[in-house]
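Worksheet: one structure, shown below.
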Amino acid sequence: MGEVLVITSGKGGVGKTTTSANIGTGLASIGKKVVMVDTDIGLRNLDVVMGLENRIVYDLVDVVQGNCRLKQALIKDKRFESLCLLPAAQTKDKSAITPEQMKELCVKLKQEFDYVIIDCPAGIEGGFKNATAGADKAIVVTTPEISAVRDADRIIGLLEAAELRNPKLLINRIRPSMVKKGDMMDIDDIIDILAIDLLGVIPEDEAIVISSNRGEPVALDMNSQAGQAYRNIARRITGEDIPLLSLEVDEGILGKLKKFFGFNE
Amino acid sequence: MKNALVTVKGDREGLHIFCEETSSWSKVIAEIKERLSGENKNFFAGASVIIELGNRDLSVKDVSLLWKTFEQCGIKIKGIRTDSSAETSIETKEKDSEQEDRIKPVHEQETSATEFISPKPVYILNRNMRSGQNITFDGNVIVFGDVNPGAEIIATGFIMVMGTLRGIAHAGSSGDERAWVMAYRLQPSLLRIANCIARAPEDEPLGPEIAKINENVIICEPFKNIEKY
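Protein chains in written order, with my numbering: chain P, 2 to 266; chain Y, -14 to 214.
Given below as structure tokens:
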């Protein structure tokens, strides 16, 4: 029996879809059977980030409404045999499915896969309710901005009301250099407000933009720090105990020299 | 709006609910119920109202029905006023603080004084309050946790937060100026006590603080001993 994880945030643009794609890929790369479900009906993106948009024949709404079998709608990933995607419909809207139907679907998917990753749409209305209906656990994505943290707080409250206790926190797009200067919220500041367990921290990384545009999840990029962070998160989800990446600021040659000679700013 | 059964107006005394004089009482009650529990629920939260009956006479039964309706919605009746010359039998049923016929303005001071002496119920919350969550309670509120920005507590009594208060707090919401707000870290986005409004000071507090009214202004001071309050 697998586990259903919903990736949510409240605010848009904080990286839910990127996170879904990379956690899915990360889990598949360590040999887990994973299916990613895009519940952002009408604004589907996950297929684009995964580079699978040209393979969509049937979608989530077709499955739920019985226009096709579940197997027909699942798209196999190019890179991993054990990774599947269930895309959202592009021409319908969020009301095309109900929370009950989502619950049923999750039960079915759980029987065949180790992990079901649900990419939740932004907002707290119908789409959010659909996405969380069948979930066992939740991952809340936020960025170090006051607006994103405020929305994450609201979402955690709503998750608790929906009996999804102890959601995990993922902080995205952190810039260690800005944090060091005091221009950006610190990880501790965010945890202080949200008071939930930290699952991982993803640094701001240009490689993410490049890989999303190419349809290659950054988790497969061995040279990228963000990719490493996502791979670590995937392993933490399986229960491994992996320490957080140290997000040291690249000091440059001058900084290193200064350190060598014992100058401390 | 055509000849509404129930009209709500506010003035310095508080909210007045005017009931139409000729329609049947059960209709009026149904209308009131709908008003109080509908989308305007928050508008009435924690309010105390004066019922204006006009020329209507009510039996004991009618009044108790009215009373129950408001109680269910968590709203306090400050007084019932009628122009009817007939001796109404309201007092036989009602509790001491309620007055009936041709009321001289309701004695606000007296009622709130007795209220304060009588111990109020306490609402205890054992978790963090997050953005969008709110408590409206006729009594005192104690939170064992943080109150995050976007969360709101409205209480007719005091508010105590055993954590950081970053949201909105309104103590003594029915106009009780002796109410206070205490928090382990007092950093509310908005603080109200009775009819006074304040924002949190810019500098971060170093320890527990208490906010209360002093000469019509809300003041914050480090919290020393509970016995004073």
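Glycine is no exception: its CB is placed at the ideal position from the N, C-alpha and C atoms.
Report task. Give the interface partners of A196/P over in chain Y, defined as CB-CB distance under 7 Å, in chain order. Result -> N113 and D131
Query raised in the report: Under 7 Å Cβ-Cβ, which residues of chain Y neighbour G158/P?
Result: R115, S116, G117 and Q118
Query raised in the report: With a cut-off of 8 Å, does the C-beta of R166/P fall near any C-beta of chain Y?
Result: No, because no Cβ of chain Y sits closer than 8 Å to the Cβ of R166/P.
Report task. Using the Cα positions of I178/Y and R151/Y, report the straight-line distance between them to the nearest angstrom. Result -> 16 Å
Query - Whether T18/P touches V38/P by CB criterion (8 Å) - result: no
**Report entry** Limits of the beta strand (DSSP E) - the one that N199/Y falls within
**Finding:** E194 to N199
Report task. Kindly list, in the order they appear in chain Y, the residues whose Cβ is closer than 9 Å to that of R151/P. Result -> In chain order: S116, N133, P134 and G135.
Report task. Quick one: residues in its chain with C-beta nearer than 8 Å to the C-beta of V108/P, no 5 flanking neighbours on either side, listed in chain order? Result -> G135
Query - 4-residue-minimum alpha helix (DSSP H) runs that sit fully inside the stretch 166 to 237 of chain P, ordered along the chain - result: 177 to 182, 188 to 195 and 207 to 215
Query - Opening and closing residue of the alpha helix (DSSP H) in which D39/P lies - result: Here D39/P belongs to no alpha helix (DSSP H); instead the beta strand (DSSP E) covers V35 to D39.
Query - CB contact flag (V36/P, L110/P, <8 Å) - result: yes
Query raised in the report: By Cβ distance below 7 Å, which residues in the same chain neighbour D60/P in space, the five residues on each side in sequence not counted?
Result: The residues are A74, P88, A89 and A90.
Query raised in the report: Whose CA, out of I172/P, L195/P and R45/P, lies closest to the CA of E161/P?
Result: L195/P
Report task. Using the Cα positions of E54/P and N113/Y, report the straight-line distance between them to the nearest angstrom. Result -> Spanning the two alpha carbons is a distance of roughly 42 Å.
Query raised in the report: Three or more beta-carbon pairs under 8 Å between the stretch 195 to 212 of chain P and the stretch 159 to 174 of chain P, yes or no?
Result: Yes, they touch.
Requested in this report: For A29/P, name the three-state secondary structure that DSSP assigns.
Outcome: In the structure shown, A29/P sits in a helix (DSSP, three-state: H, G or I).
Query raised in the report: Does D189/P come within less than 8 Å of chain Y when only Cβ atoms are used?
Result: Residue-level contact by beta carbon fails for D189/P and chain Y, as no gap is shorter than 8 Å.
Requested in this report: Tell me, please, whether the CB atom of V91/Y is closer than 8 Å to any CB atom in chain P?
Outcome: Residue confidence for V91/Y is low, a pLDDT of 40 falling below 50, so the modelled location carries little weight and cannot support an answer.
Query - In DSSP terms, what A1/P is bridged to - result: Absent from the model: residue 1/P. The displayed extent of chain P is 2 to 266, so no value can be given.
Query raised in the report: Can G11/P and R155/P be called in contact, C-beta distance under 8 Å?
Result: yes
Query raised in the report: According to DSSP, what are the bridge partners of S33/Y?
Result: K61/Y
Query raised in the report: Among all the DSSP beta bridges, which residues are the ones paired with G(-1)/Y?
Result: D(-4)/Y
Query - Endpoints, beta strand (DSSP E) assigned at K12/P - result: No beta strand (DSSP E) holds K12/P; DSSP gives it neither H nor E.
**Report entry** Pick from G117/Y, F143/Y, D47/Y and R41/Y that is closest to E162/Y, judged by C-alpha positions
**Finding:** F143/Y
Query raised in the report: What span of residues does the alpha helix (DSSP H) with G158/P cover, start to end?
Result: I147 to A162
Requested in this report: Can you have a look at Q118/Y and say buried or exposed, based on whether 16 or more other CB atoms are within 10 angstroms of its CB?
Outcome: buried
Query raised in the report: Curious, which full-length alpha helix (DSSP H) runs of at least 4 residues does the stretch 95 to 140 of chain P contain?
Result: 100 to 113 and 127 to 134
Report task. Could you pull the start and end residues of the alpha helix (DSSP H) that R45/P belongs to? Result -> Premise fails: R45/P is in no alpha helix (DSSP H) and is neither H nor E.
Query raised in the report: Within the 8 Å Cβ cut-off, does R155/P reach chain Y?
Result: yes
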